[in-house]
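As numbered in full-length UniProt numbering, residues 1 to 163 make up the sequence shown, in order.
Think of the CB as a built atom: it goes at the ideal place given N, C-alpha and C, for glycine as much as any other residue.
Computed from a prediction, not measured in an experiment: that's the story for all the values here.
Report on the structure given below.
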Amino acid sequence: MHGTPRPPATPAQALSAMDHLIAAHLIGQQELARRLGLTVTDLTCFGFVLEAGDDLLTAGDLAARAHVTTGAVTGILNRLERAGYVTRRPDPTDRRRVRVAAVPDAVTRVEAVFAGHYKRLTALFSDYRPEELAIITDWFTRATALAHEYLEKLNRNDPNEEC
Numbered sequence: 001m002h003g004t005p006r007p008p009a010t011p012a013q014a015l016s017a018m019d020h021l022i023a024a025h026l027i028g029q030q031e032l033a034r035r036l037g038l039t040v041t042d043l044t045c046f047g048f049v050l051e052a053g054d055d056l057l058t059a060g061d062l063a064a065r066a067h068v069t070t071g072a073v074t075g076i077l078n079r080l081e082r083a084g085y086v087t088r089r090p091d092p093t094d095r096r097r098v099r100v101a102a103v104p105d106a107v108t109r110v111e112a113v114f115a116g117h118y119k120r121l122t123a124l125f126s127d128y129r130p131e132e133l134a135i136i137t138d139w140f141t142r143a144t145a146l147a148h149e150y151l152e153k154l155n156r157n158d159p160n161e162e163c
């Protein structure tokens with residue numbers, strides 16, 4: 001795992017490459033969601049449920065992760081539940097809250113749709129040295145934090161704040 005020599009790039013080239021990656025993945029997410037009978041937002045929220053695993057999320061947790069209101073997340077959960085993707089369970093410590101669990105058959109369906117793409121991405125990552133993967137992981141982590149900051153600014157809708 002020596003990695004491949006790479007030509008130098010400018011920040012503008014990296015930004016352009018990122019824009020193309022985001023566009024391709026947005027279109028891909030729309031197609032995957034359509035194949036699963038979901039909206040992109042519903043699929044994204046189901047992904048958050050999967051990521052949480054046995055540490056079941058509350059509706060409030062899900063709203064915060066998806067940057068939507070609790071009212072909007074209720075609609076999302078209603079659609080996911082009707083489509084057979086999630087179930088709601090009472091919170092064992094607070095009767096006012098529910099926790100969201102993935103339906104095992106739905107997990108299998110979603111994993112099958114993503115399997116080929118994730119296999120190809122894993123092969124792509126294997127072309128990088130561990131030090132390069134550390135940089136890529138750091139970049140993804142920091143860029144995600146910037147994206148969340150940007151979403152929060154957009155949601156505040158403050159005309160005096162630069163987005």
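Residue nearest to residue 73 within the set 46, 95 and 162 is 46 (criterion: CA-CA distance). By a beta-carbon distance limit of 8 Å, residue 84 contacts residue 106. Their separation comes to about 6 Å. Membership of residue 87 in any alpha helix (DSSP H) is not indicated; the residue belongs instead to the beta strand (DSSP E) covering 86-90.
A straight-line Cα-Cα distance of about 21 Å links residue 13 and residue 127. Under a 10 Å Cβ-count criterion, residue 76 is classified as buried, with 16 or more other Cβ atoms of the shown protein chains found around its own Cβ.
Take residue 151, set aside five residues on each side of it, and the residues of its chain with a beta-carbon closer than 8 Å to its own are 67, in chain order.
In the DSSP assignment, residue 99 falls within the beta strand (DSSP E) that extends over 98-102.
Separation of residue 133 and residue 96 (C-alpha to C-alpha, rounded to the nearest whole angstrom) is 43 Å. Shown here, residue 58 sits in a strand according to DSSP, grouped into three states. For residue 67, there is no enclosing alpha helix (DSSP H), as DSSP marks it with neither H nor E. Residue burial is scored here from C-beta neighbours: residue 54 has fewer than 16 other C-beta atoms within 10 angstroms and is therefore classed as exposed. Sixteen is the threshold: since fewer than 16 other Cβ atoms of the shown chains lie within 10 Å of the Cβ of residue 156, the residue is exposed. Between residue 98 and residue 88, the C-beta gap is smaller than 7 Å, which places the two residues in contact.
Burial state of residue 23 is exposed, judged by a 10 Å Cβ sphere holding fewer than 16 other Cβ atoms.
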